[in-house]
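Protein chains in written order, with my numbering: chain R, 1 to 111; chain A, 112 to 227.
Accompanying notes for the structure given below.
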Amino acid sequence: GQNIDQPTEMTATEGAIVQINCTYQTSGFNGLFWYQQHAGEAPTFLSYNVLDGLEEKGRFSSFLSRSKGYSYLLLKELQMKDSASYLCAVRDPYNTDKLIFGTGTRLQVFP
Amino acid sequence: DAGVTQSPTHLIKTRGQHVTLRCSPISGHKSVSWYQQVLGQGPQFIFQYYEKEERGRGNFPDRFSARQFPNYSSELNVNALLLGDSALYLCASSPIAGGLGWETQYFGPGTRLLVL
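Structural data, given as structure tokens:
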């Protein structure tokens, strides 16, 4: 079976750095995605990792360790607009168009 | 360019009724997937269609069905609605099927269904 775990909620202060962790157990691995979802809106793509290491995109970075089944999303210089849910998802090894999502981590940024 | 569009945006139904949700993919995208997102959870895969053929099905009962039209738009049908079907239904499109690169799925705004 496939299983993805991430914390349910996190809080942080404007201007700070926050790390959202994701662990996964899957029978195979074809890539891991991070999406941002504001309340009542569609998920929007943030990052994609398929090889080990860190991918940096502006204030957001994503890290992957395939041997540990572990990823994190790092958000720097937090802004109020970063308050949202962050979804970790992996490709289904048997259907690469199927994404398997975690429950999401709801991040609240306070002034 | 227009993104993925879905209609209606909101819908209220009663138990036992059926519902049809519609999705238009990004122009040029041939693969459409449907996801159900219950409040407080991540999206759950329902179906994937590519070139009008079903390419994948999630763990949902036969009350859920879908189809894709020649213009690549898609409909999701749910029969005999249950209270537990209340959720945000998301449609996602991607250019091709079976890609292994970064090319991800682009989600529409969703249809929020409430079953009373």
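We put the beta carbon where it would ideally sit given N, CA and C, even for glycine.
Asked	Found
Environment of Lys-98/R [buried if 16+ CB atoms lie within 10 Å]	buried
Which of helix, strand or coil DSSP assigns to Pro-187/A	Looking at the sequence provided, one finds Leu at residue 187/A rather than Pro. Looking at Leu-187/A - three-state DSSP - the assignment turns out to be strand.
Asn-21/R CB to nearest heavy atom of the ligand HEM below 7 Å	The ligand HEM is absent from the structure shown, which contains no ligands of any kind.
Below-8 Å beta-carbon distance, Thr-120/A vs any chain R residue	no
Short Cβ contact (8 Å threshold) for Thr-8/R with Pro-93/R	no
With 16 other Cβ atoms within 10 Å as the buried cut-off, status of Pro-136/A	buried
Short CB-CB distance (under 8 Å) between Thr-125/A and chain R	no
Per-residue contacts from Thr-215/A into chain R (C-beta, under 7 Å)	Phe-33, Phe-45 and Tyr-48
According to DSSP, residues forming a beta bridge with Thr-8/R	Thr-8/R is not bridged to any residue.
Buried/exposed call for Ile-173/A, threshold 16 Cβ in 10 Å	The residue asked about is misnamed: residue 173/A is Asp in this sequence, not Ile. With fewer than 16 Cβ atoms within 10 Å of its Cβ, Asp-173/A is classed as exposed.
CB of Ala-177/A within 8 Å of CB of Asn-188/A, strictly	yes
Contacts of Lys-98/R in chain A (Cβ-Cβ under 8 Å)	Ser-144, Phe-156, Gln-159, Gly-167 and Gly-169
Reference Ile-207/A, options Val-130/A, Tyr-200/A and Tyr-160/A, closest by Cα	Tyr-160/A
Gly-53/R: first and last residue of the uninterrupted beta strand (DSSP E) it sits in	53 to 57
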